[in-house]
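One structure is given here, and the rest of the page talks about it.
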Amino acid sequence: MDSKKEINRKISVAPMMDCTDRHDRFFLRLMSKNVMLYTEMVATKSAIHGDRKKILSFSPEEKPLALQVGGSNKDELAEVAKIGEDMGYDEININLGCPSKKVQKNKFGADDVEDFDYLNNFIRQMRDAGTQTFILHARKAMLSGLSPKQNLNIPKLNYKMVYDIKKANPDLEIIINGGITKISEINDHMKFCDGVMVGRSIYQNPYFLVEIEKEIFNTPDSPSREEVVKKLLEYLDNEVKKGTKVNHIMRHTVGLYHGQIGSKEWKRYLSDNMMAKDSDFQKAKHIMRIVQNNEKANQVSS
Ligand SMILES: Cc1cc2nc3c(=O)[nH]c(=O)nc-3n(C[C@H](O)[C@H](O)[C@H](O)COP(=O)(O)O)c2cc1C
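Quick note, this note's numbering runs 261 ahead of the 1-based positions in the sequence shown.
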């Protein structure tokens with residue numbers, strides 16, 4: 262599909278189940294044009310037998326966009342890769358590192374091993390099969406005793422092993438992931454790897470993307486949070502007309518004022534008005550008042 266040179270993978274937003282759906286990705290794109298975005302993991306069987314439009318469709322604005330697939334049957338993986346390519350995805354990413362019980366049962370999950378040679382041999386086998394880009398979450402999963410959530414926090418991060426993989430395979434594109442929360446950390450990792458993938462720090466604080474655009478991509482113009490919400494409301498209006506529920510879009514914006522004055526008010530407003538299953542678009546119209554108040558309060562304080 263794409264050669265590694267065509268896609269800018271300097272910074273990407275990690276695939277996150279129940280988080281990086283198409284509405285979240287549209288919202289994130291309003292703050293960053295340059296990051297690479299990923300879908301939530303899609304099981305091969307759902308992509309083949311399920312409601313394909315519902316599961317795989319996306320807005321053109323979300324691109325560049327990777328489809329993440331999970332499965333252990335190579336014919337099914339190939340079929341879904343072809344479906345993804347035909348639908349216009351820019352990359353097909355295979356999930357090989359999930360520690361959940363369900364994924365283990367389906368035999369495409371994480372391995373309980375932390376050994377350089379083992380990982381390096383595995384990567385070289387995939388390189389020989391044609392893969393150029395590898396995204397490495399820098400910690401091993403412990404398959405017994407820890408939940409998937411604990412596996413994202415408890416096993417110690419081992420960034421050095423990822424750097425060593427890059428050193429041993431300079432021809433491959435190696436992206437590092439896990440626990441990265443600051444621009445300074447991104448810059449440090451970029452000295453040793455080709456790109457950085459960030460998950461939770463962006464989902465919990467999506468406006469971090471504006472800082473990433475400014476500091477990493479040198480983008481001169483930054484949208485204010487007010488501008489972001491205005492554009493999201495246009496999207497919301499269109500989507501609601503097509504039958505999308507207000508809460509399915511607005512739930513992703515909870516962290517928009519993370520660390521700002523007005524964060525509490527924003528969250529309260531969302532939970533009082535926009536999080537119920539039957540929230541309607543009329544309520545969204547008052548949202549700009551909260552946004553403008555927050556904008557003023559933060560200007561005064563800075
Ligand atoms: C809520 C949640 C859902 C996730 N879902 C996926 C997934 O569908 N596919 C995947 O490869 N990784 C998934 N992950 C792992 C992330 O992609 C990422 O590797 C991990 O969160 C570490 O990066 P971070 O410390 O920057 O969050 C998920 C993580 C979280 C927190």
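The beta carbon of each residue, even a glycine, is placed where N, CA and C say it ideally should be.
Backbone CA spacing between ASN295 and LYS335 [nearest angstrom] = Position 34 of the sequence shown, counting from 1, holds the residue named residue 295. Position 74 of the sequence shown, counting from 1, holds the residue named residue 335. Approximately 32 Å between the Cα atoms of the pair.
With 16 other Cβ atoms within 10 Å as the buried cut-off, status of GLY391 = On the sequence shown, position 130 is the one that residue 391 refers to. By the 10 Å Cβ count, GLY391 comes out exposed.
Report the option in ARG529, ALA308 and GLU322 whose CA atom is closest to the CA atom of ILE548.
-> Within the sequence shown, the letter at position 287 stands for residue 548. Here the closest residue by C-alpha is ARG529.
What alpha helix (DSSP H) runs, 4 residues minimum, are completely inside the segment 480–522?
-> 486–502 and 507–511
Closest by C-alpha distance to SER307, when choosing among TYR299, THR300, LEU298 and LEU317 | As a first step, residue 307 is located in the sequence shown; it is residue number 46 there, counting from the start. Ranking TYR299, THR300, LEU298 and LEU317 by Cα distance to SER307 puts LEU317 first.
Using the Cα positions of GLY311 and GLN553, report the straight-line distance between them to the nearest angstrom.
-> By 1-based counting over the sequence shown, the position of residue 311 is 50. By 1-based counting over the sequence shown, the position of residue 553 is 292. C-alpha separation (whole angstroms): 42 Å.
Looking at C-alpha atoms only, which residue of LEU380, GLN365, GLN386 and GLN393 is the closest neighbour of ASN354?
-> Within the sequence shown, residue 354 is the residue found at index 93, counting from 1. Residue GLN393 is the option with its Cα nearest to ASN354.
Work out the CA separation of LEU404 and ILE447 for me, nearest whole Å.
-> Position 186 of the sequence shown, counted from the start, is the residue given in the question as residue 447. Position 143 of the sequence shown, counted from the start, is the residue given in the question as residue 404. The alpha-carbon atoms of ILE447 and LEU404 are separated by roughly 29 Å.
With hydrogens ignored, establish whether the beta-carbon of ARG286 is closer than 7 Å to any heavy atom of ligand 1.
-> Along the sequence shown, one-based indexing puts residue 286 at 25. No, since every heavy atom of ligand 1 falls outside the 7 Å radius drawn around the Cβ of ARG286.
Roughly how many angstroms lie between the CA atoms of THR281 and VAL561, to the nearest whole one?
-> One-based indexing of the sequence shown puts residue 281 at position 20. One-based indexing of the sequence shown puts residue 561 at position 300. THR281 and VAL561: Cα-Cα distance of roughly 33 Å.
Could you check what DSSP says for LYS266 in three-state terms: helix, strand or coil?
-> Here residue 266 is taken as the residue at index 5 of the sequence shown, counted from 1. Reliability of the predicted coordinates at LYS266 is poor, the pLDDT of 48 falling under 50, and the value obtained from them is presented with this limitation in mind. Three-state DSSP puts LYS266 in coil, outside helix and strand.
Less than 8 Å between the CB atoms is what I'm expecting for ASP455 and ARG270, so what's the real figure, rounded?
-> The residue labelled residue 455 in the question sits at position 194 within the sequence shown. The residue labelled residue 270 in the question sits at position 9 within the sequence shown. Confirmed, about 7 Å.
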